[in-house]
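Numbering (my numbering), first residue to last: 19 to 109.
Notes follow the structure.
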């Protein structure tokens with residue numbers, strides 16, 4: 019599997035932590051941005067890339083004037099496998 023950016027890794031790790039907290043309905047880009055001290059635009063871009071690579075699943079998007087302003091994303095089983103393979107979480 020190709021490598022992913024640091025922002026994508028941070029988003030994936032946050033999604034894994036949310037899953038461990040039983041936050042099963044996905045996580046908003048705003049929540050992720052606030053908790054990893056990142057710009058929401060960067061979190062949205064990383065989330066869209068994670069969906070393209072099947073590591074994340076975007077459950078909903080908030081679109082305004084043809085621009086994504088927010089979204090809700092969850093980690094996929096492939097995302098969990100990626101984190102384990104990279105040694106970022108226990109197997």
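All C-beta atoms in this analysis are idealised placements derived from N, C-alpha and C, irrespective of residue type, glycine included.
query                                                                                                                                                     : result
Please state the DSSP three-state secondary structure of residue 85.                                                                                      : strand
Under a Cβ-count criterion, where at least 16 other Cβ atoms within 10 Å of its own Cβ denotes burial, should residue 26 be classed as buried or exposed? : buried
Any contact between the stretch 63-70 and the stretch 84-94? By contact I mean 3 or more CB pairs, one from each, below 8 Å.                              : yes
Is the beta carbon of residue 101 less than 7 Å from the beta carbon of residue 30?                                                                       : yes
Does DSSP classify residue 44 as helix, strand or coil?                                                                                                   : coil
Would you tell me roughly how many angstroms separate the C-alpha atoms of residue 35 and residue 54, rounded to the nearest one?                         : 12 Å
So residue 86 packs on residue 77, CB below 8 Å; how close in whole Å?                                                                                    : Contact flag wrong, Cβ pair sits at about 13 Å.
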